[in-house]
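Okay, so here's the structure we're looking at.
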Amino acid sequence: MGLLVTLTGCGSGEYEIPPEACGTKMDRGAIAAVLPPGEELEVSLREVGSEIRYDVCSFAVDGVIEFSVRRFWEGKAVEPRPLTERWQEAESSGGPLELGEAGAVSADGFIAVYSCPEKGRTGMLIVDGWLGSDVPEGESKQEELAEFARSYVPGAVRNAGCR
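Using numbering that gives the first Met the number 0, you'd call the opening residue of the sequence shown number 0 and step up by one each time.
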């Protein structure tokens, strides 16, 4: 499965930001604060993985992936805290994110964990987002990423069939 949307500015040197990405509505100002300036924005959705299937919504500015949001199911019932290395990175260098059963946000990413019993699954739905390049020393996108997550993640969770 794949979807690609390319948006360019009208001679202004800035790309247009869509009202939704990969089928999920979002706050344009929230994603604008996360992404760098540029001429062209491409938003693409692809399904990847063989054992663990997940979808990735990527935001590329001028051909470089600058930010990606991933949504996947952890198939077995797990404690929300120690899920992935990314979780540990976000928790140790950032702070809590009030989304789902548990969440964390750092200078370069976020992760949120949801149970979804109405889908008849015993596992957890995990939504995480990460910048495509390292944040320069002394800089942080933590507040911007938290704001984007609050605007985007609830819709992504609903689109997965959860409340």
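C-beta atoms are modelled at their ideal positions from N, C-alpha and C, and glycine is treated no differently.
Straight across, the Cα-Cα distance linking glutamate 138 with proline 95 is about 19 Å. Glutamate 142 sits in a helix when the DSSP states are folded into three classes. Inside the region 19-62, DSSP marks whole beta strand (DSSP E) runs of 3 or more residues at positions 39-47, 53-60, from first to last along the chain. Ranking Glu136, Pro135, Ser132, Gly128 by CA distance to the CA of leucine 144 puts Gly128 first.
Annotation for proline 35: Val60, Glu65 place their beta carbon closer than 8 Å to its own, counting only its chain and skipping 5 residues before and after.
Residue Phe58 holds the alpha-carbon nearest to the alpha-carbon of alanine 31 among Leu124, Trp72, Phe58. For isoleucine 125, the CB contacts under 7 Å within the same chain, skipping 5 residues up- and downstream, are Phe71, Glu73, Leu82, Ile110, Val112 in chain order.
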